[in-house]
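For this note's numbering, count along the sequence shown from 1 and bump the result up by 20. Beta carbons: idealized from backbone N, C-alpha and C, even for Gly. These figures come from a predicted structure and were not determined experimentally. The block underneath contains the structure these notes are about, expressed in structure tokens.
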Amino acid sequence: MPIERIPAGEHYYSLARFRSNLLSFAAGRTISAVTSFTIFVLLARSLPVADYGRYLTLLATIELILLYSSLGIPWVAIRFVPEYREKASSQQLYRLLLGLVLANSLPMLVVLLMLWQWSAWWTNQLGLEAALVVVLPFLLLCLFDGLNRIFVTLALEPLLAQKSAQAVQISRNLSFLAPLGYAAANGIPFDLAFVIRIETAAAGVAAGIAAATAVRATRASARASGDPQWTRPPLRAMVGIAGYNYSGNAVANLYSAPALQLMANALLGPAASALFGFARGLAAQVRRYLPSELLLSIIRPMLVAAYSNDGDHDKLNRRMLLAAKTSLFAVAPLVGILLGAGPQAVAAIGGAELQQAYWLLVVLLLLSFAHSHRSLLGLYVNCVRETDIWLRASLLCLCVLPAAYLMIVGGLGAESLAIAMVAEEILLTTSVLRMLRARGYRYSLAVSGLPGIAAATALCALTVFIGLRLPELPLPAAAALGGIAFAVALALLRPLDQAERMLVNRLAGRPMFRQV
Numbered sequence: 021m022p023i024e025r026i027p028a029g030e031h032y033y034s035l036a037r038f039r040s041n042l043l044s045f046a047a048g049r050t051i052s053a054v055t056s057f058t059i060f061v062l063l064a065r066s067l068p069v070a071d072y073g074r075y076l077t078l079l080a081t082i083e084l085i086l087l088y089s090s091l092g093i094p095w096v097a098i099r100f101v102p103e104y105r106e107k108a109s110s111q112q113l114y115r116l117l118l119g120l121v122l123a124n125s126l127p128m129l130v131v132l133l134m135l136w137q138w139s140a141w142w143t144n145q146l147g148l149e150a151a152l153v154v155v156l157p158f159l160l161l162c163l164f165d166g167l168n169r170i171f172v173t174l175a176l177e178p179l180l181a182q183k184s185a186q187a188v189q190i191s192r193n194l195s196f197l198a199p200l201g202y203a204a205a206n207g208i209p210f211d212l213a214f215v216i217r218i219e220t221a222a223a224g225v226a227a228g229i230a231a232a233t234a235v236r237a238t239r240a241s242a243r244a245s246g247d248p249q250w251t252r253p254p255l256r257a258m259v260g261i262a263g264y265n266y267s268g269n270a271v272a273n274l275y276s277a278p279a280l281q282l283m284a285n286a287l288l289g290p291a292a293s294a295l296f297g298f299a300r301g302l303a304a305q306v307r308r309y310l311p312s313e314l315l316l317s318i319i320r321p322m323l324v325a326a327y328s329n330d331g332d333h334d335k336l337n338r339r340m341l342l343a344a345k346t347s348l349f350a351v352a353p354l355v356g357i358l359l360g361a362g363p364q365a366v367a368a369i370g371g372a373e374l375q376q377a378y379w380l381l382v383v384l385l386l387l388s389f390a391h392s393h394r395s396l397l398g399l400y401v402n403c404v405r406e407t408d409i410w411l412r413a414s415l416l417c418l419c420v421l422p423a424a425y426l427m428i429v430g431g432l433g434a435e436s437l438a439i440a441m442v443a444e445e446i447l448l449t450t451s452v453l454r455m456l457r458a459r460g461y462r463y464s465l466a467v468s469g470l471p472g473i474a475a476a477t478a479l480c481a482l483t484v485f486i487g488l489r490l491p492e493l494p495l496p497a498a499a500a501l502g503g504i505a506f507a508v509a510l511a512l513l514r515p516l517d518q519a520e521r522m523l524v525n526r527l528a529g530r531p532m533f534r535q536v
């Protein structure tokens, strides 16, 4: 796999390198987005609804296993690998990365062995008795995906080896999609065991590629000698970053979307789990390719490196709000298209059996923007080293879990899970902002141009609504017209202020906007 080389004398996290990685990232993510969405649609349409609900519950279980076994190590890599690459010697960088990989992988192995030992118990608790026959390939899938995530998150992304990181994801998607496509084309029926075994093989291929490219990227990016004036961060600082982030995330994951997915399957059954999981999965597909999330692996080390150099809280805040606003530009037209088209838009993707997830999807799409900003807010908290704030806010949100349970018992169904997710997002964000202000950090949520974005979204919805009532105009054409209407309205309303346009020009390296 290709490894990015640094021209002599160029700053490792320079804007020139950012732009170079951005091109590789955009190309790789475009392929990854197309293949991921194709897999998503193929599985939603081909698996029986009950098996689809169980499959989504197993995927949510993987997310929780990997999060709880990570011990906060990825946050240590996010915060310190860019600094080590800039200041430390090659041997110091090697020791850091090796220690992080071991600290992340060994707990994961222990957890997987425990799950193998008690597989009958936990599958019964989650209403997954029918999935007991695929426990071994499922745990192997979890292992391979965990190793994949470790090598990408701890090494490739912080070192800006984007060509390699994208190659890993593309290889996994293609290795999964090829046999699925062959089976669908030849009328081979899908079931849970068939899908899990194919995905396990694909994840194994990707994990091998990730390990090889991580080693090569580390060697290619290391320095011969370190900065003599640099002081290595104390171990207690790394433990503090890991501990507070892990504690906060461990609490937050008790009421996270994957945990609610498990609750849906256990309390409502696989059919309701399929509805919630379909809406959650489609919203997650969108969120994954929102600009701020899409570029997070590039933006994150750049923001950390810039902040470590200038220490300017206000600049960090402005950069994060700009990244969040670009995500809103992507979510808004999708919401407009859904509102204009109605449930038939959902049926076109997942089939008639899943169109009941329409309103769930609308709510979770709007929430995907809030989640993308939440990732940036978490990075801000880590940059200013006030990580205990996240833990405190997460503890306040524990009330969401019993509230969701009571709503389900009261008969609200899958909608109660969406209500719980919205309530948790509001409570956590407001709590973090309040505690930041109390410590002197005036993080602002003042996103300019919101009325213009709302007007463009309404115009998009109206265009799609009218278009679908014209004779012989299919849904894709109406959606395209709605997207065009949104783009035109946005261009006329100019939602970026002057400071944001200047920042975009600087990042692009050329005048994307004329200064006024």
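Contact belief for residue 267 with residue 411 at Cβ below 8 Å, rounded distance in angstroms
So it is a contact: roughly 5 Å between Cβ atoms.
How would you call residue 332, buried or exposed, if buried means at least 16 neighbouring beta carbons within 10 angstroms?
Within a 10 Å sphere around the beta-carbon of residue 332 sit fewer than 16 other beta-carbons, which makes this residue exposed.
Hey, could you find the ends of the alpha helix (DSSP H) residue 196 is sitting in?
Where residue 196 is concerned, the enclosing alpha helix (DSSP H) stretches over 182 to 205.
Is residue 430 helix, strand or coil when you go by DSSP?
Residue state, collapsed to three classes: coil.
Whether residue 52 touches residue 186 by CB criterion (8 Å)
A contact, by the Cβ cut-off of 8 Å.
With a threshold of 16 other CB atoms inside 10 Å of the CB of residue 75, please say whether the residue is buried or exposed.
Buried is the label assigned to residue 75, since at least 16 other Cβ atoms lie within 10 Å of its Cβ.
Just checking, does the segment 145 to 158 make contact with the segment 285 to 298 on the three C-beta pairs under 8 Å criterion?
Three or more Cβ pairs closer than 8 Å define a contact, and the segment 145 to 158 meets that threshold against the segment 285 to 298.
For a test of the three-state rule: what should DSSP assign to residue 160, helix, strand or coil?
Secondary structure at residue 160: helix, using DSSP grouped into helix, strand and coil.
Using C-beta distances below 6 Å, list every residue in its chain close to residue 383, excluding the 5 sequence neighbours before and after it, in chain order.
Excluding residues within five positions, the ones whose Cβ falls inside 6 Å are 438.
Every unbroken alpha helix (DSSP H) within the segment 208 to 288, with a cutoff of 4 residues, ordered by chain
Within the segment 208 to 288, the complete alpha helix (DSSP H) runs of at least 4 residues are 212 to 241, 255 to 272, 277 to 288.
Whether residue 248 touches residue 100 by CB criterion (8 Å):
With contacts defined by Cβ atoms closer than 8 Å, residue 248 and residue 100 do not form a contacting pair.
Considering Cα atoms alone, identify which of 354, 423, 449, 419 is closest to residue 500.
The shortest C-alpha separation from residue 500 is found at 354.
Tell me which same chain residues have a C-beta within less than 7 Å of the C-beta of residue 57, skipping the five on either side of it?
Answer for residue 57: 305, listed in chain order.
Would you call the CB atoms of residue 82 and residue 165 closer than 8 Å?
Judged by their CB atoms, residue 82 and residue 165 are nearer to each other than the 8 Å cut-off.
What does a CB cutoff of less than 8 Å around residue 156 pick up in its chain, not counting 5 residues either side in sequence?
Same-chain partners within the cutoff: 136.
Which residue's Cα is closest to the Cα of residue 446: 176, 386, 107?
Considering only alpha carbons, the answer is 386.
So is residue 491 buried or exposed if we call it buried at 16+ other beta carbons inside 10 Å?
Residue burial annotation: residue 491 is exposed, with fewer than 16 other C-beta atoms found within 10 angstroms of its C-beta.
Select from 362, 117, 129 the residue whose C-alpha is nearest the C-alpha of residue 483.
That would be 362, whose Cα lies nearest to the Cα of residue 483.
Any idea what DSSP makes of residue 68, helix, strand or coil?
Correct three-state label for residue 68: coil.
Express the C-alpha separation of residue 120 and residue 367 in angstroms, rounding to a whole number.
Straight-line Cα distance between these residues: approximately 44 Å.
Does residue 356 pass the burial test, meaning 16 or more other C-beta atoms within 10 Å, or should it be called exposed?
Only buried fits residue 356, as 16 or more other CB atoms lie within 10 angstroms of its CB.
Three-state class that DSSP yields for residue 522 in the structure shown
It is helical.
In the structure shown, what three-state DSSP assignment does residue 407 receive?
Residue state, collapsed to three classes: coil.
Is the number of C-beta pairs between the segment 196 to 205 and the segment 161 to 181 that are closer than 8 Å three or more?
Fewer than three beta-carbon pairs drawn from the segment 196 to 205 and the segment 161 to 181 are found closer than 8 Å, and the two stretches are therefore not classed as touching.
Alpha-carbon to alpha-carbon, residue 512 and residue 536
Any reading at residue 536 must be qualified, since the residue scores a pLDDT of 46, below 50, and its modelled position is unreliable; the value itself is stated next. For residue 536 and residue 512, the distance between alpha carbons rounds to 15 Å.
Reduced DSSP category for residue 293 - H, G, I as helix; E, B as strand; rest coil:
Helix at residue 293.
Excluding the 5 residues flanking residue 262 on each side, which residues of the same chain have their C-beta closer than 7 Å to its C-beta?
Once the five neighbours on either side are set aside, the close Cβ partners of residue 262 are 91, 92, 93, 95, 96.
With DSSP run on the structure shown, which of helix, strand or coil describes residue 96?
DSSP places residue 96 in helix when its eight states are reduced to three.
With a threshold of 6 Å on Cβ separation, who are the neighbours of residue 69 within its own chain once the five nearest residues in sequence on each side are excluded?
Here the set comprises 291, 294, 373.
Mapping the DSSP letters down to three states, classify residue 108 as helix, strand or coil.
In the three-state scheme derived from DSSP, where H, G and I count as helix and E and B as strand, residue 108 is classed as coil.
For residue 230 and residue 167, believed in contact at Cβ under 8 Å, the rounded distance:
Yes, they are in contact, since the Cβ atoms of residue 167 and residue 230 sit about 7 Å apart, within 8 Å.
When the Cα of residue 545 is compared with those of 297, 144, 269, which residue comes out closest?
In the structure as shown, the chain starts at 21 and stops at 536, and residue 545 therefore has no counterpart that could be examined.
When you compare only the Cα positions, how much space is there between residue 277 and residue 440?
In this structure, the straight-line span from the alpha carbon of residue 277 to that of residue 440 is close to 9 Å.
Less than 8 Å separating the beta-carbons of residue 393 and residue 307?
No. Outside cutoff.
Which residues mark the beginning and the end of the alpha helix (DSSP H) in which residue 178 is found?
Segment: none, residue 178 is in no alpha helix (DSSP H) and carries neither H nor E.
If the criterion is Cβ atoms closer than 8 Å, does the pair residue 489 and residue 406 meet it?
Result no, Cβ atoms of residue 489 and residue 406 do not sit closer than 8 Å.
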